[in-house]
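The structure appears below as structure tokens.
Okay, structure coming up:
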């Protein structure tokens, strides 16, 4: 059975959206290697429509430029969406289309996947996964910067049910970025 692993890039003040302003200053060789290893451990990606639209516009253009782009383009992509009907990015599949049961579809994907199912960013799909006990690990790539630019809807915080996590490990990079790993307490071994 596959594990769903969320990887969220975040600033000290909770900004998860305005990455162009802060992310690349801290994404050195160590982060590049960690990102590649994380993707290589994954059989699939899971995302919402907004992430899909951004990724599908960018990654196919980078095909053949580096191993990360090639892996990103080649693995299965599952999009939780009620509005996407004809995904064009290679190996893309829609879960929970008009009237469908996205939670049941995600469970089915987990059952038939052997390795990790990677999710980038923290949004509605992540909250759906958490609410239904489907998220297995949360990795926060904490950048040592206060962006000072995020609006309330661009922060990790949202009104949601309390969810407890247990510490699962960390990785400290020379740039000051720290990857923090947590598992939901109800899923901790």
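Numbering (the numbering used here), first residue to last: 32 to 220.
All residues carry an ideal CB built from backbone N, CA and C; glycine is no exception.
Annotation for residue 34: 147 and 167 place their beta carbon closer than 6 Å to its own, counting only its chain and skipping 5 residues before and after. For residue 155, there is no enclosing beta strand (DSSP E); the enclosing alpha helix (DSSP H) has its first and last residue at 155-162.
7 Å or more divides the Cβ of residue 181 from the Cβ of residue 56. The alpha carbon of residue 185 has as its nearest neighbour, out of 125, 122 and 49, the alpha carbon of 49. Here residue 150 is buried, its C-beta having at least 16 other C-beta atoms within 10 Å. Annotated as proximal: residue 42 and residue 176, with beta-carbon spacing under 7 Å. Considered as a whole, the stretch 50-131 harbours 73-79, 107-111 and 123-126 as its complete beta strand (DSSP E) runs of no fewer than 3 residues, in chain order. Across the set 131, 115 and 202, the C-alpha of 202 shows the shortest separation from the C-alpha of residue 69. The stretch 104-123 makes contact with the stretch 72-89; the number of CB pairs closer than 8 Å reaches 3 or more. For the pair residue 125 and residue 114, the CB atoms are not nearer than the 7 Å cut-off. Taking 7 Å as the cut-off, the beta carbon of residue 62 is found closer than this to the beta carbon of residue 204.
For residue 143, the uninterrupted alpha helix (DSSP H) run begins and ends at 133-143, by DSSP. The C-alpha of residue 153 lies about 24 Å from the C-alpha of residue 117.
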